[in-house]
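J.: Numbering (my numbering), first residue to last: 10 to 224. All residues carry an ideal CB built from backbone N, CA and C; glycine is no exception. Here the structure is a predicted model, which is why all the values come from computation and not from measurement. The structure that follows is given in the form of structure tokens.
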Ligand code: SAH
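Written as structure tokens, this is what we have:
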């Protein structure tokens, strides 16, 4: 089944964007990105009718496409500026990547699951979404060759804050990461100096776990 974009989906995206505004997404660029990125193309065509409900949905290999609010909220905490260098850990369906790409950022993104990596690579070519790099690898290592980053966004639940990722932040850069095992606390870490970090928290969320090594 081939599902393309159409007026019905565009209309639903507009309603979803308004719903997210009511829930606290105030950055107009992010609202605009939600209005424009066709989320229904990032999931199984059989689920397309549910694409614009504000909820997480299953994707391949027991993973999930994050809830639109969560994607928008993490992006808002990241507060990226035009052209900044951003590392995303946990590409998954590629939806969060697409929302960042719409904001004209230089994106480096890592996925550990090979099936998802393959499916999402093809989707990126089809939709003309061009991250600077899309890597099949373990996000716990980050991408030291391309560091430092203005921002790092982690989209899987991380039991602890990975030190290697902290070391790949620019001074003044920030990392948005859900921290915890069963449930996670959305955490924003700002690198304020070479060895100093500021930590802020933003409530509870539920993510699939960040696992070690590729598979
Ligand atoms: N941003 C994605 C979220 C997908 S769920 C979306 O909106 O679709 C989290 C993803 O993180 C999964 O695809 C999972 O395979 C991936 N992941 C888990 N541990 C990882 C690791 N160590 N490195 C890279 N990706 C990882």
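So is the beta-carbon of residue 122 under 6 Å away from any non-hydrogen atom of the ligand SAH?
T.: Indeed, a heavy atom of the ligand SAH lies less than 6 Å from the Cβ.
J.: If distances are taken between C-alpha atoms only, which option among 60, 193, 174 and 220 comes closest to residue 214?
T.: Closest by alpha carbon: 193.
J.: With DSSP run on the structure shown, which of helix, strand or coil describes residue 196?
T.: Strand at residue 196.
J.: Among 167, 60, 132 and 21, whose alpha-carbon lies nearest the alpha-carbon of residue 221?
T.: Considering only alpha carbons, the answer is 167.
J.: Can we count residue 20 as close to the ligand SAH, meaning its CB is less than 6 Å from some heavy atom?
T.: Residue 20 Cβ: outside cutoff for every heavy atom of the ligand SAH.
J.: Quick one: residues in its chain with C-beta nearer than 6 Å to the C-beta of residue 120, no 5 flanking neighbours on either side, listed in chain order?
T.: Only 100 and 126 meet the Cβ criterion.
J.: If residue 140 and residue 164 are in contact, beta carbons under 8 Å, what's the gap, nearest whole angstrom?
T.: Contact doesn't hold; Cβ gap of about 14 Å is too wide.
J.: Any heavy atom of the ligand SAH closer than 6 Å to the beta-carbon of residue 107?
T.: Residue 107: no, Cβ never under 6 Å from the ligand SAH.
J.: When you compare the CB positions of residue 51 and residue 102, do they come within less than 7 Å of one another, or not?
T.: Yes, the Cβ-Cβ distance between residue 51 and residue 102 is below 7 Å.
J.: Nearest-angstrom Cα distance between residue 45 and residue 180?
T.: Between residue 45 and residue 180, the C-alpha separation is close to 32 Å.
J.: Put residue 47 into one of helix, strand or coil per three-state DSSP.
T.: Residue state, collapsed to three classes: coil.
J.: Return yes when at least one heavy atom of the ligand SAH lies under 6 Å from the C-beta of residue 184, else no.
T.: Flag unset: Cβ of residue 184 not near the ligand SAH.
J.: Quick one: residues in its chain with C-beta nearer than 6 Å to the C-beta of residue 107, no 5 flanking neighbours on either side, listed in chain order?
T.: Within the same chain, residue 107 has close Cβ partners 46 and 138.
J.: If you draw a straight line from the alpha carbon of residue 77 to that of residue 65, how long is it in whole angstroms?
T.: The alpha-carbon atoms of residue 77 and residue 65 are separated by roughly 7 Å.
J.: Please name the residue in 212, 197 and 109 whose C-alpha comes closest to that of residue 91.
T.: Selected option, being the one with the closest Cα: 109.
J.: Sorry if obvious, but does the Cβ on residue 2 come closer than 6 Å to a heavy atom of the ligand SAH?
T.: A query on residue 2 cannot be resolved here, the shown segment of the chain reaching from 10 to 224 and no further.
J.: Taking residue 123 as the reference, give the member of 56, 116, 35 and 147 with the closest Cα.
T.: Of the listed residues, the one whose Cα sits closest to residue 123 is 147.
J.: Report the residue from 20, 198, 60 and 35 whose alpha carbon sits nearest the alpha carbon of residue 82.
T.: The shortest C-alpha separation from residue 82 is found at 35.
J.: Please look up how many angstroms separate the CB atoms of residue 206 and residue 175, rounded, as I've assumed it's under 8 Å.
T.: Between residue 175 and residue 206 the Cβ distance is about 6 Å, and since that is below 8 Å, they are a contact.
J.: Tell me which same chain residues have a C-beta within less than 7 Å of the C-beta of residue 25, skipping the five on either side of it?
T.: Counting only Cβ-Cβ distances below 7 Å, and skipping sequence neighbours, we find 43, 61, 63 and 77.
J.: Look at the alpha carbon of residue 49 and the alpha carbon of residue 157, and state the distance between them as a whole number of angstroms.
T.: If I take the Cα positions, the gap works out to 33 Å.
J.: Just to confirm before moving on: does the CB-CB distance between residue 56 and residue 162 stay below 7 Å?
T.: Cβ distance not < 7 Å, so residue 56 and residue 162 don't count as in contact.
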